[in-house]
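Below is one structure, written out as structure tokens, with a few remarks after it.
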Amino acid sequence: MTGAVRIDGKAAAAAVLGRVAEETARLVAETGVVPGLAVVIVGEDPASQVYVASKAKRAEECGFRSFRHALSAETSEADLLALVARLNADPAVHGILVQLPLPRHISDAAVIRAIDPDKDVDGFHPVNVGRLAAGQTAEAFVPCTPAGAMIMVRDVLGSDLSGLEAVVVGRSNIVGKPMAQLLLAANATVTIAHSRTKDLPAVCRRADVLVAAVGRPEMIRGDWIKPGAVVIDVGINRLPPEPGSEKGKGRLVGDVAFDEAMAVARAVTPVPGGVGLMTVALLMANTLRSAARAAGREPPA
Ligand code: NDP
Numbered sequence: 069m070t071g072a073v074r075i076d077g078k079a080a081a082a083a084v085l086g087r088v089a090e091e092t093a094r095l096v097a098e099t100g101v102v103p104g105l106a107v108v109i110v111g112e113d114p115a116s117q118v119y120v121a122s123k124a125k126r127a128e129e130c131g132f133r134s135f136r137h138a139l140s141a142e143t144s145e146a147d148l149l150a151l152v153a154r155l156n157a158d159p160a161v162h163g164i165l166v167q168l169p170l171p172r173h174i175s176d177a178a179v180i181r182a183i184d185p186d187k188d189v190d191g192f193h194p195v196n197v198g199r200l201a202a203g204q205t206a207e208a209f210v211p212c213t214p215a216g217a218m219i220m221v222r223d224v225l226g227s228d229l230s231g232l233e234a235v236v237v238g239r240s241n242i243v244g245k246p247m248a249q250l251l252l253a254a255n256a257t258v259t260i261a262h263s264r265t266k267d268l269p270a271v272c273r274r275a276d277v278l279v280a281a282v283g284r285p286e287m288i289r290g291d292w293i294k295p296g297a298v299v300i301d302v303g304i305n306r307l308p309p310e311p312g313s314e315k316g317k318g319r320l321v322g323d324v325a326f327d328e329a330m331a332v333a334r335a336v337t338p339v340p341g342g343v344g345l346m347t348v349a350l351l352m353a354n355t356l357r358s359a360a361r362a363a364g365r366e367p368p369a
């Protein structure tokens, strides 16, 4: 390994959460408005249960009210939409998060569309997608994972990426596309690559900023990376357990071969300990912004 920086997701997330807690205390003291985050979970998916518990815990640590709605896997779409309507109308709730994926009989898209765009702290509602695409980043709720990844890019390169090439591998609505919009808004020249891209290694080698959001363990190798690039690894992949492993769980790895990347890049996010930790922090930041707006305040930057 060389002198590449291992970007510290724990420190970056702690910095965001610290600012959110401070601004929350000020908002409460000056306006009496306490940010409220409603988290809705349908069914018993164990990974979703863990995410939801960690979101509720962070919310409380930031000084928010957290409202948890755990519904059975048999809940109908109509009942879920009725709950969303109640949360939309509740002035104590500033952010609504419906944990995805939902059971098959419920349409994710219909539920996302039902959330008030001004409480859509996940940033998945078409109105927020449109605001981001139109460059209205101040008004939009930006999806939390790319927003967190962008802070990590800025921490290394500053906020103006003029003249730099950015390549985002992955075009999902929750990571790849919004990440590309954010990089474009920061003046980078952006390429979005995906499973149909020809000669992906050559495309990646153009990148001064390379973002991997694919879901394939260590797919991006060291020789795909331009020397001195900033590499943001969004992927979270669990490898099969090694023979004889005590816990019966395999290692978590990203979409980038981390050690190889560290040998050529300027800075790399690790997995675990990288972008993943920023996602929950940015959810809190979005909820605080929503509460500040509801209190008639300019939302914190
Ligand atoms: P999706 O499965 O929705 O999208 C994956 C994208 O990768 C698709 O656009 C797909 O292309 C592309 N892709 C798949 N295989 C290849 C390939 N061989 N070459 C090039 N492109 C390929 O995933 P998400 O965007 O939801 O998530 C991506 C990763 O990020 C996952 O590992 C996920 O766990 C992780 N993640 C992490 C989060 C965090 O908090 N850190 C939050 C969200 C996700 P195509 O469109 O052509 O099929």
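Residue numbers (this note's numbering): 69 to 369. Ideal Cβ placement from N, Cα and C applies to all residues, glycine included.
Have a look at the options and flag the residue whose alpha-carbon is nearest the alpha-carbon of residue i.
i              : options                           : result
glycine 322    : Glu145, Val299 and Leu232         : Val299
serine 240     : Pro211, Ser227, Thr257 and Arg222 : Pro211
aspartate 147  : Lys123, Ser122 and Ser175         : Ser175
isoleucine 242 : Ala182, Val73 and Val197          : Val197
histidine 162  : Ile180, Ser134 and Leu168         : Ser134
alanine 160    : Val166, Ala106 and Val271         : Ala106
alanine 253    : Ala369, Gly296, Asp228 and His173 : Asp228
valine 258     : Leu250, Arg172 and Val189         : Leu250
lysine 123     : Leu165, Asp267, Leu95 and Asp113  : Leu165
glycine 100    : Val324, Phe132 and Lys294         : Phe132
Could you give the distance in angstroms between the alpha-carbon of residue i and the alpha-carbon of residue j?
i                 : j              : result
alanine 178       : leucine 139    : 17 angstroms
valine 302        : alanine 281    : 5 angstroms
proline 103       : asparagine 354 : 10 angstroms
glycine 191       : arginine 154   : 19 angstroms
glutamate 98      : alanine 360    : 11 angstroms
proline 367       : arginine 357   : 5 angstroms
glutamate 314     : threonine 92   : 42 angstroms
aspartate 276     : leucine 232    : 6 angstroms
aspartate 184     : asparagine 156 : 6 angstroms
phenylalanine 326 : alanine 362    : 43 angstroms
valine 224        : alanine 335    : 8 angstroms
proline 169       : glycine 203    : 28 angstroms
threonine 337     : valine 221     : 10 angstroms
alanine 208       : alanine 201    : 9 angstroms
glutamate 90      : aspartate 186  : 22 angstroms
threonine 205     : arginine 273   : 29 angstroms
threonine 265     : valine 271     : 9 angstroms
histidine 371     : arginine 199   : Given that the chain is displayed from residue 69 to residue 369, the structure contains no residue 371 and the question cannot be resolved.
glycine 283       : valine 339     : 12 angstroms
So, at 8 angstroms on beta carbons, what are the nonlocal neighbours of residue i in its own chain, with the 5 sequence-adjacent residues on each side left out?
i             : result
glycine 341   : Asp76, Gly77 and Lys78
leucine 85    : Arg126, Glu129, Cys130, Ala349 and Met352
glycine 316   : Pro309
glutamine 117 : Ile109
valine 96     : Val102 and Gly131
Please name the residue or residues paired with residue i in a DSSP beta bridge.
i              : result
glutamate 233  : Thr257
aspartate 42   : With the chain covering only 69 through 369, there is no way to say anything about residue 42.
isoleucine 164 : Ala106
valine 73      : Ala335
arginine 133   : Gly104
arginine 306   : Leu320
leucine 139    : Val110
isoleucine 288 : Val324
Excluding the 5 residues preceding and the 5 following residue i in the sequence, name in chain order all residues of the same chain whose CB lies nearer than 7 angstroms to its CB.
i             : result
serine 230    : Asn255
histidine 262 : Gly238 and Arg239
alanine 80    : Ile219, Met220, Asp223 and Met346
Starting from the C-beta of residue i, find all residues in its chain whose C-beta is less than 6 angstroms away, skip the five residues before and the five after it, and write them out in chain order.
i           : result
glycine 318 : Arg306, Leu307, Pro308 and Pro309
valine 236  : Gly244, Met247, Ala248, Ile260 and Val279
proline 269 : Trp292
alanine 182 : Leu149 and Val152
Sufficient close CB pairs (3 or more, under 8 angstroms) joining the segment 337 to 349 to the segment 210 to 217: yes
Given 8 angstroms, three or more beta-carbon pairs between the segment 317 to 335 and the segment 290 to 297: yes
For the segment 304 to 312 and the segment 86 to 94, state whether three or more C-beta atom pairs, one from each stretch, are separated by less than 8 angstroms. no
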